[in-house]
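Right, one structure below, let's go through it.
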Amino acid sequence: MQDKTYGQRVADSHELQLTVADAKLVWLELAGCPALRTLTLKADAQGGKHERHLTLSAVPQLQRIENPHELPLVVHLDARDRTQPLLIEGPVKQVDFCWEHGEYANTRMHRQVLLLPVEQLSQYRQEVEQLRMDALLVLYRSQHDASSNPSCNILQLKTDARVDIQGLPELQQLHVTPARQQVQVTVRNSRRLELVNLRCESKSGASSKPSNHRVTISDCGRTRLKFTGPWQRIELVGCGIHRLSVEQALELYVRGLCYIEETHVPNTMRVVNQATNWFAEGVIPDINESTLRELSARLSSNQQDAELIATCLAAVRRCERPKSRYHGIHILSLLAMHLPTAYIDELLEVRKGLVPPNTTRPYPEDLHLEAWRADVNIWHQLRSKANKAGLVRIDNFYGDVFMSSGQPSSSGYALLAECLDIESYDLLERALRKLMPDEPQQSRRRQYDDRFWRNGQYVKGLKRLVLSIPRLPTKLKALAIEFVLLSLANDMLQVAAQKLLQHEPALTRRLALRIANRHVETRESYLRLALSAALPAPTAQPSVQQLLQLDTEGELV
């Protein structure tokens, strides 16, 4: 077994180059070699491929550690007197070093490591571009007095290597371009940082889609921070910023202390919020379209693990803004569709808490219709799985939601349209009975500022109902026709009546006559409708006496 204590110490040497080819060597210490520029490590014919530990101090001119036999290295460097870059050929299992006002350690395996003072970057751009994806580039300021060095307010890099930027307090903008494939960047302790830009173009010159480009920002920023370019993943760790802007990214992770008060981020970006302190609630969304896609995929593949469900329900409970409520209602719709009966009570409880009472605009203006339709689907799914007692609770709650005077007309349209689309005829029957007007819309006493007439959405729902009548169950047809006849007025009533006469002439006439007998004020209009001809093939019109006889023969079915 190799002697773990075997090693050599070289001190006070003035050699320019040093080669060590000792197969038993475990550790090597270089101290006080002011002229040394190149160190070469070799293994002899017998092998000796074990790990080498290098401890380097007072080697201000050392620029390269050659490793032709690819011996695993662990490197410890005292760089307090250094202003030159150091290229280490790996594999490097660990590298750590300290300089005048900082320290750094990395325990990941890399094929190459380049420790580069930022003052030397302009002279070594070609070497930086040639670094491979499995290389590590560490940028740091070797001299404490930043005023005596070139400005690093704006830093531009082009490389495929993993980049660690350490302690550049004056850095304001970082522009990174992949040399060939991808970018992975970490920035630490740059309090003035405001912009991180990924310059990535396709061969055609158009901006590319997010690839495996990642950036981690730790203890950086003061007021605002903006990310531009197609990032795959952005990670913020303990940043003091108050405003965050992300132009394009697939994932955002927030860890440590968080002080963000305002965000502008893509709606499709996945957000993982692991902040350890309380901050402005609702600023960073817990759920968005990315959450919906992930949840839908996992539920569709029967991955109904309890942790996933609990996480989603907890996120929905925290939804307070219209946009987050929009995503929350869609998540509940997905869960209601896929989860078993045991979850009905919890889903209903979460839904009740999603929208506070008397909230007139619970969802974004441009998305409210989709949200209402998702809510109808929840109602339908819960009803289909509930027992009798549960059915009463569900219907009572949703009856108040969709029939209360405070809801906009889009909720009525969503109710009719979604019931027709998913063929939920039991729910449609309940809705029609609950919404049935007490008197015709033609009546003068009828209030034309009715909640369902505010923006015409409800009229659209009635039009869809008219077109759907031929495929409705027989019992529901009569209810739907009566609902349409009572809900429309003037020209719209005449147009709908022609359609109804075309689909169900006898039933339409009978119902029109019944309305005429019940409502004296509008009797003339409905008698005229009852006596009108069916289209497109007119037939002999029945007399008023015949219609009266039909109406007294029994209840409609």
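Residues in the sequence shown are numbered consecutively from 877, following our numbering.
Where a beta carbon is used, it is the ideal one built from N, C-alpha and C, also for glycine.
Alpha-carbon spacing of residue i relative to residue j, whole angstroms
i: S1200; j: A1247; result: 11 Å
i: M1145; j: V1252; result: 27 Å
i: T1053; j: W1107; result: 12 Å
i: L892; j: E905; result: 16 Å
i: R1070; j: H1118; result: In the sequence on display, residue 1070 carries Glu and not Arg. Answer to the nearest angstrom: the Cα atoms are 11 Å apart.
i: A1416; j: S1408; result: Unreliable placement is indicated for A1416, whose pLDDT of 47 sits below 50; the coordinate value is still reported in the next sentence. Cα to Cα, A1416 sits roughly 10 Å from S1408.
i: S1066; j: D1036; result: 22 Å
i: P1045; j: N982; result: 21 Å
i: L1383; j: V1360; result: 13 Å
i: L901; j: V968; result: 16 Å
i: V1014; j: I1030; result: 17 Å
i: Q937; j: R1090; result: 33 Å
i: A897; j: I1110; result: 44 Å
i: D1242; j: V1141; result: 18 Å
i: F1273; j: L1224; result: 9 Å
i: I1270; j: R1306; result: 12 Å
i: G966; j: D972; result: 14 Å
i: E976; j: H945; result: 33 Å
i: G1105; j: M1312; result: 54 Å
i: D1227; j: E1127; result: Per the sequence shown, the amino acid found at residue 1227 is Arg instead of Asp. When rounded, the distance between both Cα atoms is 27 Å.
i: S1300; j: A1290; result: 13 Å
i: E1380; j: A1356; result: 11 Å
i: K1102; j: E1137; result: 14 Å
i: H1206; j: V1396; result: 46 Å
i: L1168; j: H1203; result: 7 Å
i: E927; j: L991; result: 21 Å
i: L963; j: A1011; result: 10 Å
i: N1149; j: V1130; result: 5 Å
i: Q1032; j: E1123; result: 19 Å
i: P961; j: N1153; result: 40 Å
Chain C contact for residue i (CB, 8 Å cutoff)
i: T931; result: Looking for chain C here will not work: only one protein chain is present.
Secondary structure of residue i, DSSP reduced to three states
i: D1297; result: helix
i: Q999; result: helix
i: Y1135; result: coil
i: P1316; result: coil
i: V971; result: strand
i: H1140; result: strand
i: D1302; result: helix
i: E942; result: strand
i: L1112; result: strand
i: R1386; result: helix
i: D954; result: strand
i: T1398; result: helix
i: L912; result: coil
i: L1243; result: coil
i: L1411; result: Legend: pLDDT at L1411 = 46, less than 50; position of this residue unreliable, value from coordinates given subsequently. In the structure shown, L1411 sits in coil (DSSP, three-state: anything other than H, G, I, E or B).
i: S933; result: strand
i: L1442; result: Beyond the ends of the chain as shown, which are 877 and 1433, falls residue 1442; an answer cannot be given.
i: R1067; result: coil
i: G966; result: strand
i: G1448; result: A question about residue 1448 goes unanswered here, because the residues of the chain that appear run from 877 up to 1433.
i: S1087; result: coil
i: K1034; result: strand
i: V1130; result: strand
i: N1149; result: strand
i: R1169; result: helix
i: L1308; result: helix
i: L949; result: strand
Residue range of the unbroken beta strand (DSSP E) whose run includes residue i
i: M987; result: As written in the sequence, residue 987 is Arg, which differs from the Met given in the question. From DSSP, the beta strand (DSSP E) with R987 extends over 986-993.
i: T1062; result: 1060-1064
i: Q884; result: 883-887
i: L894; result: 893-896
Cβ-heavy atom distance, residue i to the ligand GDP, below 7 Å
i: Q970; result: Absent from the structure shown: the ligand GDP. Ligands present: none.
Opposing strand residues paired with residue i [DSSP bridges]
i: W840; result: As shown, the chain starts at 877 and ends at 1433. That puts residue 840 outside it, with no answer to give.
i: I1205; result: Answer by DSSP bridge pairing: none, since I1205 is not bridged.
i: N1010; result: Per the sequence shown, the amino acid found at residue 1010 is Asp instead of Asn. None; D1010 has no bridge partner.
i: W1107; result: A1125
i: G978; result: W975
i: T1053; result: K1034
i: L906; result: V886, L932
Span of the alpha helix (DSSP H) around residue i
i: I1345; result: It is not in any alpha helix (DSSP H) - I1345 carries neither H nor E in the DSSP assignment.
i: I1185; result: 1182-1193
i: G1229; result: 1220-1230
i: N1366; result: 1366-1379
> Can you find at least 3 beta carbon pairs, one from the stretch 1294-1311 and one from the stretch 1368-1387, that sit closer than 8 Å?
Replying inline: no
>> Using a Cβ distance threshold of 8 Å, determine whether the stretch 1334-1349 contacts the stretch 1388-1400, with at least three qualifying pairs required.
In response: no
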